[in-house]
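Residue numbers (this note's numbering): 6 to 421.
Note that beta-carbon positions come from the ideal geometry of N, C-alpha and C, so glycine has one too.
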Amino acid sequence: MNTNTNIAPTANFDVEKIREDFPILQTTVHGRPLVYLDNGATAQKPLAVINSMVEYYKGYNSNVHRGVHYLSQKATDAHEAAREGVRAFINAEHTHEIIFTRGTTESINIVAHSFGKAFVNAGDEIIITAMEHHSNIVPWQMLCEERGAILRVIPINANGELILEEYDKLLNERTKLVALVHVSNTLGTVNPVNDIIAKAHVVGAAVLIDGAQSIQHMAVDVQAMDADFFVFSGHKLFGPTGIGVLYGKDKYLNAMPPYQGGGSMIKQVTLEKTTYNELPFKFEAGTPHVEGIIGLGAAIDYINAIGIDNIAAYEHELVAYAVEQLSTIEGLRFIGNAKERVSVLSFLAGDIHPYDIGVILDKLGIAVRTGHHCCQPIMDIFSIPGTVRASFAFYNTKAEVDALVAGLLKAKQMLS
Ligand code: PMP
6 MNTNTNIAPT ANFDVEKIRE DFPILQTTVH GRPLVYLDNG ATAQKPLAVI NSMVEYYKGY
66 NSNVHRGVHY LSQKATDAHE AAREGVRAFI NAEHTHEIIF TRGTTESINI VAHSFGKAFV
126 NAGDEIIITA MEHHSNIVPW QMLCEERGAI LRVIPINANG ELILEEYDKL LNERTKLVAL
186 VHVSNTLGTV NPVNDIIAKA HVVGAAVLID GAQSIQHMAV DVQAMDADFF VFSGHKLFGP
246 TGIGVLYGKD KYLNAMPPYQ GGGSMIKQVT LEKTTYNELP FKFEAGTPHV EGIIGLGAAI
306 DYINAIGIDN IAAYEHELVA YAVEQLSTIE GLRFIGNAKE RVSVLSFLAG DIHPYDIGVI
366 LDKLGIAVRT GHHCCQPIMD IFSIPGTVRA SFAFYNTKAE VDALVAGLLK AKQMLS
């Protein structure tokens, strides 16, 4: 199971009190208390996040970076404070290494585009894994097609873990970039990113870590990890949609051309030629998602107040309990049994279609996700149409696990 922490949550981690911070968790669905187990798709937002954005619109709505007036300066200060909050949260060395994007998908596309232009040529190789989200497959396929580069794939075993001996064989001096998920959104597997990064660096390759499913569950230190790029989405981190982060080492970001042209990313424009702004603005063309950035900053403040280690420890216990309880259901089969895993449990119940289970659980107020989870290659590997996926956050409870188990037993009874 997840071994990112062995400590217990501190005594002041009070899940019932935490739940009061999330208005949506007090609501009902089809007359039942909501049991929200679709956190891998998006997480719910605490009042602190919602209020931070309302306060911005009510009190200091203004464009950033361009105004001398009070409101613009206040918005700029909040915007840049959020950037510093992100830096500290992932322990990046420099604040200018934090680029705001629309989300994980856009962050990966920026790297594929701009790193690709600067560093990838015909015959070069890019390595991904068989457990990637489509967002970390398609941009690399597009880049390889455009540049005449070759995409290599690290396979996975029956437990849903990377076969690292195969990675060793794939790495060579033509490898320019390794792009892989930190935590699989379908299997829950935690990949040994530190070792993978260290090995890539031996051949001079850069590494991009897709942190969309790790950043909310464990402490991330991009310097200790030595990641060259680390990307994630605000909305899975209890922040708003439409905002995400691209962390990149400045040695790479400085060497990469801009992704989009427009306002803010320029130093000087003449009708003949443009020179580009310094980091991070070189990669932030146009008016940013100001309220999204402020909301993300508030989400990180909120998490810091609880403590990411407390969150990890609590979830460790919760997910272990869920595995134990789900295992009591006859015919239930986990897809993904990695030794190291967090938050995400994918499973099938006998030969019942995942969609049918999802519909019955919904009627009971239980939100899970069914389908391929944007990981069609994983479905091909396991020869299945999809899975039922329960994904947990620190506001979920053992009582909700019990509700899921009861719902699954009911669904089995109705559908078998
Ligand atoms: N990678 C992983 C591992 C994910 O789970 C997701 C979201 N399901 C993404 C990438 C894409 O994130 P977004 O849609 O927020 O860009």
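- L148 is positioned such that its CB atom lies closer than 9 Å to that of A117.
- In the structure shown, Y264 falls within a coil segment according to DSSP collapsed to helix, strand and coil.
- If one requires a minimum length of 3 residues, the beta strand (DSSP E) runs lying completely within the region 77-165 are 103-106, 130-134, 155-159, in chain order.
- Checking the 8 Å criterion, the Cβ of N44 is out of range of every heavy atom belonging to the ligand PMP.
- The beta carbons of I340 and F397 sit about 16 Å from each other, so the pair does not count as a contact at 8 Å.
- R374 is bridged by DSSP to R394.
- When DSSP states are grouped into helix, strand and coil, S189 belongs to the coil group.
- Between the C-alpha atoms of V125 and S119 there is a straight-line separation of about 10 Å.
- Nearest to N17 by alpha-carbon distance, out of A354, G376, F352, G312, is G312.
- For Q218, the CB falls within less than 8 Å of some heavy atom of the ligand PMP.
- In terms of Cβ geometry, A325 and D361 do not form a close pair [threshold 9 Å].
- Here the distance from the Cβ of R107 to the nearest heavy atom of the ligand PMP is below 8 Å.
- Its chain contains I132, I133, T134, A135, L167, I168, L169, E171, Y172, L175, L185 as the residues whose beta carbon lies nearer than 8 Å to that of I159, once the 5 sequence neighbours on both sides are disregarded; these appear in chain order.
- For the region 283-321, the full-length alpha helix (DSSP H) segments reaching 4 residues or more read 295-311 along the chain.
- Here H187 is buried. Its C-beta has 16 or more other C-beta atoms within 10 Å.
- In this structure the region 200-218 does not lie against the region 72-84, because fewer than three pairs of beta carbons, one per stretch, are closer than 8 Å.
- Scanning Q146, V227, V183, A327 for the CA closest to the CA of H206 turns up V183.
- Under the rule that a run must span 3 or more residues, the beta strand (DSSP E) segments found entirely inside the region 190-249 read 211-215, 234-238.
- Here T106 is buried: its Cβ has 16 or more other Cβ atoms, across all protein chains shown, within 10 Å.
- Your pair L284 and L258 checks out as a contact, with CB atoms roughly 5 Å apart and the cut at 8 Å.
- Proximity of the region 237-256 to the region 213-221 meets the contact definition, three or more beta-carbon pairs being nearer than 8 Å.
- K272 carries a strand assignment under DSSP once its states are collapsed to helix, strand and coil.
- With respect to the 9 Å criterion, T191 and S140 are not classified as neighbours on the basis of their beta carbons.
- Per DSSP, reduced to three states, the secondary structure at F399 is coil, with no helix or strand assignment.
- If you check the C-beta of T194 against the ligand PMP, you find no heavy atom less than 8 Å away.
- In the DSSP assignment, F352 is bridged to F339, V393.
- DSSP places P14 outside both helix and strand once states are collapsed to three, so it counts as coil.
- Between the region 330-347 and the region 19-32, the count of Cβ pairs shorter than 8 Å is below three; the stretches do not touch.
- The Cβ neighbour count for T194, taken over all protein chains shown within 10 Å, is at least 16; the residue is labelled buried.
- Scanning F286, A93, D43, K278 for the CA closest to the CA of M261 turns up F286.
- Between the C-alpha atoms of A123 and K181 there is a straight-line separation of about 11 Å.
- Secondary structure note for Y360: its alpha helix (DSSP H) is the uninterrupted segment 359-368.
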